[in-house]
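First up is the structure itself, then whatever we jot down about it.
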Amino acid sequence: MDTGEEQIRRGVTDAAHHIGPLDISLQAVAGKIRNRRRLLGGTAASFGIILIGSAAWGAAIMFSPAAAPNVRPAGQETTPSGIPFPHQARSYACGNPIQPPVAHETGNDALDFRVTSPRRTPSGAPEITVTLTARKAASIPVPLTPTAPRILLLKDGKIVAGQDSNTAPSPGVPTPTFSGTQLGVAHALRLAPGEHYSVTVTLPADAVCDGHSWSELWSPGEKTTLAVIASDRALGRTHPLDPHALNPDPLVVQEQPLQNVPAP
Amino acid sequence: MPSWEEALELLAQGRGTALKRYGYLLCGSEADASDLVQEALIRVFARPRRDWALPALEAYVRKAMLHYHLDQTARRRRWLEIMPRIADRRDSPAADASTERADVVQLLQELSPRQRACVVLFYYEDRPLQEIATLLDCGVGTVKRHLDDARKRLAAAWHVTSEG
Chain G
1091 MDTGEEQIRR
1101 GVTDAAHHIG
1111 PLDISLQAVA
1121 GKIRNRRRLL
1131 GGTAASFGII
1141 LIGSAAWGAA
1151 IMFSPAAAPN
1161 VRPAGQETTP
1171 SGIPFPHQAR
1181 SYACGNPIQP
1191 PVAHETGNDA
1201 LDFRVTSPRR
1211 TPSGAPEITV
1221 TLTARKAASI
1231 PVPLTPTAPR
1241 ILLLKDGKIV
1251 AGQDSNTAPS
1261 PGVPTPTFSG
1271 TQLGVAHALR
1281 LAPGEHYSVT
1291 VTLPADAVCD
1301 GHSWSELWSP
1311 GEKTTLAVIA
1321 SDRALGRTHP
1331 LDPHALNPDP
1341 LVVQEQPLQN
1351 VPAP
Chain W
-13 MPSWEEALEL
-3 LAQGRGTALK
7 RYGYLLCGSE
17 ADASDLVQEA
27 LIRVFARPRR
37 DWALPALEAY
47 VRKAMLHYHL
57 DQTARRRRWL
67 EIMPRIADRR
77 DSPAADASTE
87 RADVVQLLQE
97 LSPRQRACVV
107 LFYYEDRPLQ
117 EIATLLDCGV
127 GTVKRHLDDA
137 RKRLAAAWHV
147 TSEG
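First to last, the protein sequences are chains G and W.
Just so we're on the same page, the numbering used here is the position in the first sequence counted from 1, plus 1090.
Quick note: the second sequence, position 103, residue 89 per the numbering used here, numbers continuous.
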């Protein structure tokens, strides 16, 4: 090592060691972290809702004709806003239930989340429109390449129909519409209060499980649940969902009867 | 496994000073160093993580500090470029080169942000060249060039002969 290098090393070390201890308010930092985590969580909720067309969903929207059961497991970790943490790899095979936990959610402070009543298409498969309306100014990230969400129909809590958005998005390609301002190249939408973003999805005609039919599922009196499921990759997560991980995605649930609403 | 709040407290109490010193060498001001540490802590702890072990967290925070600092300096430079009539183009006051023992931090500020980062990472953090290259998302040759340029400029200011 030459003299110059020694001098540089000594110089930077001496300079650094004259510095006093870190003088920040940990309480303030923790508060800002909580705010940002809450913001990320809120974004996650709206993101999951918005990204119906994404292959990466973290939210589930459930419709049920029965009184809303409390699907929130006791003792489940919750976010500050009370949304449970669903953090697990999920399997959606025919005949299986959706693994808990799930939560009831109709949006957050900034966004109102509504699923308009499903419409029965000529094939018998349901068409669902999800609309996000801004309660106050909001910026919503959207996928660059929209694909169909994973939509499931459940009977007695078990999957009886659905499509896998991750592998077979077509033909349920969502058709997003919005009244806000598009930012950049479809990376985000800015919604003013009252403006909305909505996505319409139609299940493929052959999305019903063996042993079931669309007619059966639409029959009056049938207690059929519709769920829109998301993975967590929309949030940039690259590792599998983990039930013990911190700050997981909220699982959004909305319940309403599966009743055909004729197109206007 | 500690909660993020516990991890934050442990990291700030145990490694806060070291982080601030690192930030000071990067940005040249105690106040800016504290702000840099604070912003990096917020960025690191706001993200979901499975591992809140302190060594990994400190590495995340240092990396966040480096990138945030480089981003900020690049942003400030762009701003200064488009506001030549209003703002001073210099990021910091010039060092008094005639003074043999010029303040080392002031001299560091005379370097480009990436040269400075290389100097801090190599001479203060004792990071290998390959690791510095990875952190800065550049080649080892680029790191060597930055270090060489920095050495020459610092040596000139210190009136020492720079070799290698």
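From the three backbone atoms N, C-alpha and C, an ideal C-beta is built for every residue, glycine too.
Cβ pair residue 1286/G, residue 7/W closer than 8 Å: No, these two residues do not count as a Cβ contact at 8 Å.
Distance between residue 1301/G and residue 1248/G (C-alpha atoms, nearest Å): Going from the Cα of residue 1248/G to the Cα of residue 1301/G covers about 13 Å.
Limits of the alpha helix (DSSP H) - the one that residue 133/W falls within: For residue 133/W, the enclosing alpha helix (DSSP H) has its first and last residue at 126 to 144.
Those residues which DSSP pairs with residue 1101/G across a bridge: Per the DSSP secondary-structure output, residue 1101/G pairs with nothing in a beta bridge.
C-alpha gap between residue 1324/G and residue 14/W, whole angstroms: Model confidence at residue 1324/G stands at a pLDDT of 32, short of 50, so the residue's coordinates are unreliable; what they give is reported in the following sentence. A direct Cα-to-Cα measurement between residue 1324/G and residue 14/W gives close to 38 Å.
Same chain only: Cβ atoms within 7 Å of residue 94/W, ignoring 5 sequence neighbours per side: Excluding residues within five positions, the ones whose Cβ falls inside 7 Å are 11, 14, 102, 105.
Where residue 91/W meets chain G, residues with beta-carbon distance less than 7 Å: The CB of residue 91/W comes closer than 7 Å to the CB of 1105 in chain G, given here in chain order.
Per-residue DSSP class, three states only, for residue 1111/G: Correct three-state label for residue 1111/G: coil.
Assumed close pair residue 107/W, residue 55/W - CB separation to whole angstroms, cut-off 8 Å: Rounded, the Cβ-Cβ distance is 12 Å, inconsistent with contact.
Residues bridged to residue 1216/G (per DSSP): For residue 1216/G, the pairing in a beta bridge is given by DSSP as 1210/G.
Check whether residue 1293/G and residue 1187/G have beta carbons under 8 Å apart: In this structure, residue 1293/G keeps its C-beta atom at 8 Å or more from the C-beta atom of residue 1187/G.
Which of helix, strand or coil DSSP assigns to residue 1280/G: When DSSP states are grouped into helix, strand and coil, residue 1280/G belongs to the strand group.
Test item: CB-CB of residue 140/W and residue 49/W under 8 Å: In this structure, residue 49/W does not lie closer than 8 Å to residue 140/W by Cβ.
Sequence-distant residues of its chain with Cβ nearer than 7 Å to residue 9/W (five each side left out): Closer than 7 Å at Cβ, skipping near neighbours: 19, 22, 23, 51.
Three-state secondary structure assigned by DSSP to residue 1252/G: DSSP places residue 1252/G in strand when its eight states are reduced to three.
Rounded C-alpha distance that separates residue 1103/G from residue 110/W: Residue 1103/G and residue 110/W have their C-alpha atoms spaced approximately 6 Å apart.
Beta-ladder partner(s) of residue 1292/G, from DSSP: Residue pairing from DSSP places residue 1292/G in a beta bridge opposite 1217/G.
Partner residues on chain G for residue 20/W, Cβ-Cβ distance less than 9 Å: Residue 20/W reaches chain G at 1112, 1113, 1114, counting residues in chain order whose Cβ is nearer than 9 Å.
Separation of residue 100/W from residue 60/W, as counted between CA atoms: Rounded to whole angstroms, residue 60/W to residue 100/W spans 10 Å at the Cα level.
Members of the stretch 1 to 12 of chain W that neighbour chain G once the beta carbon cut-off is set at 8 Å: Those residues of the stretch 1 to 12 of chain W that come within reach of chain G (Cβ to Cβ, closer than 8 Å) are 2, 3, 5, 6, 7, 8, 10, 11.
Nearest-angstrom Cα separation, counted from residue 1127/G out to residue 1174/G: Confidence in residue 1174/G is poor, its pLDDT being 30 and thus under 50, which makes the residue's placement too unreliable to answer from.
Local conformation of residue 1222/G per DSSP, three classes: DSSP places residue 1222/G in strand when its eight states are reduced to three.
is_contact[residue -9/W, chain G] using C-beta, thresh 8 Å: Yes, residue -9/W lies at the interface with chain G (some Cβ there is under 8 Å from its Cβ).
Cβ of residue 140/W within 8 Å of any chain G Cβ: Answer yes: the Cβ-Cβ gap between residue 140/W and chain G drops below 8 Å somewhere.
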